[in-house]
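Following: one structure in structure tokens, then a few remarks.
This is how it looks when you write it as structure tokens:
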């Protein structure tokens, strides 16, 4: 997988078994090479943890300017 355009994530460290330990949430996922964490947003590529959703909007909503009732 290309890593250009991906942002290296914060809040992780290398585990003793060669995998990456993600410390962003209380799940503390242990992520192997080429795998994703439970959230599927943070992935291990070449021994670094990348945030694949960084800078990509996940939803849009159109609201009217005037809502009723006031």
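Residue numbers (the numbering used here): 1074 to 1143.
Glycine included, each C-beta is placed from N, C-alpha and C at the ideal position.
Any idea what DSSP makes of residue i, helix, strand or coil?
i: residue 1082; result: coil
i: residue 1104; result: strand
Who are residue i's beta bridge partners in DSSP?
i: residue 1123; result: 1081 and 1116
i: residue 1087; result: 1093
i: residue 1109; result: 1116
Mind reading off the beta-carbon distance from residue i to residue j? Whole number of angstroms is fine, and I expect it under 8 angstroms.
i: residue 1117; j: residue 1104; result: 4 angstroms
i: residue 1082; j: residue 1122; result: 4 angstroms
i: residue 1016; j: residue 1080; result: The question about residue 1016 has no answer, for the chain in this structure spans 1074 to 1143.
When the Cβ atoms of the region 1133-1140 are set against those of the region 1086-1102, are three or more pairs found closer than 8 angstroms?
Pairwise C-beta distances place the region 1133-1140 out of contact with the region 1086-1102, as fewer than three of them are shorter than 8 angstroms.
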